[in-house]
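What follows is one structure encoded as structure tokens, with my remarks underneath.
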Amino acid sequence: MPATDAELIQRARDLAPRIRERAAETERLRHPHDESIRDMIEAELIQMFVPRRFGGSEASLSTMLEVVEIISAACPSTGWIAAFYISHIIYVTKFPQAGQEELLGPKGYVLLPAAAAPDMAARKVDGGWIVSGRVSWGSGVAHADWVMMSGKAEDGMRSFVMPVDAVEVVDVWNYVGMGGTGSNDYIAREVFVPDHRTIARESLQDGSTEGSRLYDNPLMSIPFMVSAYCTIVPVLTGALVGALAASQDIVARRVRNFSGVVVRDQQMAHITLGEQEIATRIATDMARVIYGRAEQILHSRPFTVEDRLEMKGRVGWVSKHCRDSVNAMMAAAGASSFHESQPLQRIWRDLNMVCSHAFWDWDATRELTGRQHLGLALNHPLV
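The opening position of the sequence shown corresponds to residue 13 in this note's numbering, with each subsequent residue numbered one higher.
Below, the structure is given as structure tokens:
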């Protein structure tokens, strides 16, 4: 029997302490911990969006928010990969029925990195395509069974899915933030992809496809960018929740050098901690506003540019707010908090890294919003 939404959230809470214990090791490994991936699969968290016809929970969008936020508070790198694996199940439901059955039929789920940047080329052959290209930022490739890449085909932009053993994984992931994601490159060289494992990028962007129309659930027709925004938001806010917990722990035990002053007894510490708590609450509240808006537009057609730009603006603001907030926490935490053993410095690096992502770049987002207000043409593709 598939897990209910409430059961999925509780299972995430139950797993969080174990994932938190593995966070430092996950960063040292430079990829998600095998046991954490196994735990999340066994708890059916990764499978939450798998359609019921394949044995999944077909959970609500808001359940993803709760689950990913909990996991990300324990380990942002693990939360990032969990969010990608969960949301990329929806990409599979947009492919033709034969592709869905091939990917989801054997195990009832798939572990799919899905790079969207146009970094490949494809030519048409009988029954399919020959695909070559290199993908960067391959989040999820460390435990993948399939991979997706996108780029220019003879008939326009397309996305293709192929088995992970058909590509070469290149170990390039040496980053000081989100170090435990293992987001390595992968390369396809003249890989044959049948027609049922490809989809036009325009269809993926818009949301509704031949495959998604097999389902009454509007979640399967979510537009690409709206899905991307929902994927990342709980990683940002969850990481900030984790940073707050680490900061609170520092305040509770810190004694200042030379003076011997107990920090928790100082008024300034109370003010600083109060501001941190308020900032974190605002971030998590805004995440729920974003998800609520996404739930609303799932039931409307078409998905307008205004819808997407509105969400981009909110996500960009949350990203900036989370980065500013964790930077303030780190600045107030004292020099010893920069030690490699301290969780706060790891989360600080993780958030600064992930908040630099092109999809929610704050400068581009502000400019787009201003241009839209003035009736000018939008000048950025990621809307």
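We treat Cβ as the ideally placed atom computed from N, Cα and C, and that holds for glycine.
{"query": "Span separating the alpha-carbon of residue 365 from that of residue 189", "result": "5 Å"}
{"query": "Top-ranked residue by Cα proximity to residue 82, from 123, 238, 127, 22", "result": "22"}
{"query": "CA nearest to the CA of residue 29, picked from 47, 19, 16, 17", "result": "47"}
{"query": "Reference residue 98; option with closest CA among 254, 232, 255", "result": "232"}
{"query": "Residue 184, enclosing alpha helix (DSSP H) - first and last residue", "result": "Looking at the DSSP string, residue 184 is not in any alpha helix (DSSP H), and its letter there is neither H nor E."}
{"query": "Residue 374 versus residue 139: straight-line alpha-carbon distance, rounded", "result": "43 Å"}
{"query": "Per DSSP, cross-strand counterpart(s) of residue 176", "result": "BP columns for residue 176 are empty, so no partner."}
{"query": "Candidates 32, 42, 73, of which the one nearest residue 16 by Cα", "result": "73"}
{"query": "Residue 144 - partner residues in DSSP beta bridges", "result": "133"}
{"query": "DSSP-derived helix/strand/coil call for residue 16", "result": "coil"}
{"query": "7 Å CB neighbourhood of residue 331 in its chain, flanking five on each side removed", "result": "248, 367, 372, 374"}
{"query": "Sub-7 Å separation of residue 195 and residue 254 beta-carbons", "result": "no"}
{"query": "Host alpha helix (DSSP H) of residue 305 (start-end)", "result": "279-310"}
{"query": "Backbone secondary structure at residue 204 - three-state DSSP", "result": "strand"}
{"query": "Helix, strand or coil at residue 55 according to DSSP, with G and I counted as helix", "result": "coil"}
{"query": "Where residue 49 sits in the DSSP three-state scheme", "result": "helix"}
{"query": "The stretch 306-325 / the stretch 279-290 touching (three or more Cβ pairs under 8 Å)", "result": "no"}
{"query": "Cβ pair count under 8 Å reaching 3, the stretch 210-228 against the stretch 166-175", "result": "yes"}
{"query": "Coil, strand or helix - residue 11 by DSSP", "result": "Nothing about residue 11 can be read from this structure; the chain reaches only from 13 to 395."}
{"query": "Limits of the unbroken alpha helix (DSSP H) element including residue 385", "result": "374-385"}
{"query": "Residue span of the alpha helix (DSSP H) that contains residue 325, given as start and end", "result": "317-344"}
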